[in-house]
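Colleague: Numbering (the working numbering), first residue to last: 3 to 75.
Starting off with a structure, shown below.
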């Protein structure tokens, strides 16, 4: 049976596409944290507004990265 070596953060960051994915995932996560923070602090409308950023950020990342594999064909 073949064993799989764990991937380190350095290996992930050395690949440009993975770096871009990590940036978009981090931005989405920070947006979610900010949204929850605003909601809990009583700024419910601002929390909802910022919460809408999460799917938008992830959709933008997916759109930008969608055509990256087209060059292989």
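Beta carbons: idealized from backbone N, C-alpha and C, even for Gly.
Treat the numbers as computed from the prediction; the structure is a model and nothing was measured.
Classify residue 59 as buried or exposed, calling it buried when 16 or more other Cβ atoms lie within 10 Å of its own Cβ.
Modeller: buried
Colleague: Candidates 8, 66, 4, 25: which alpha carbon is nearest residue 15's?
Modeller: 25
Colleague: Taking 7 Å as the limit between beta carbons, can you name the residues of its chain near residue 40, skipping five residues before and five after?
Modeller: 48, 49, 52
Colleague: Exposed or buried, what is residue 69 when buried is set at 16 or more other beta-carbons lying within 10 Å of its beta-carbon?
Modeller: Classification of residue 69: exposed, given that the 10 Å Cβ count is below 16.
Colleague: By how many angstroms is the C-alpha of residue 56 removed from the C-alpha of residue 19?
Modeller: About 20 Å.
Colleague: Report all residues from its chain with a CB closer than 6 Å to the CB of residue 63; omit the five preceding and five following residues, and keep chain order.
Modeller: 26
Colleague: How close, in whole Å, do the beta carbons of residue 67 and residue 23 come, if the pair is a contact with beta carbons under 8 Å?
Modeller: About 7 Å; that satisfies the 8 Å criterion.
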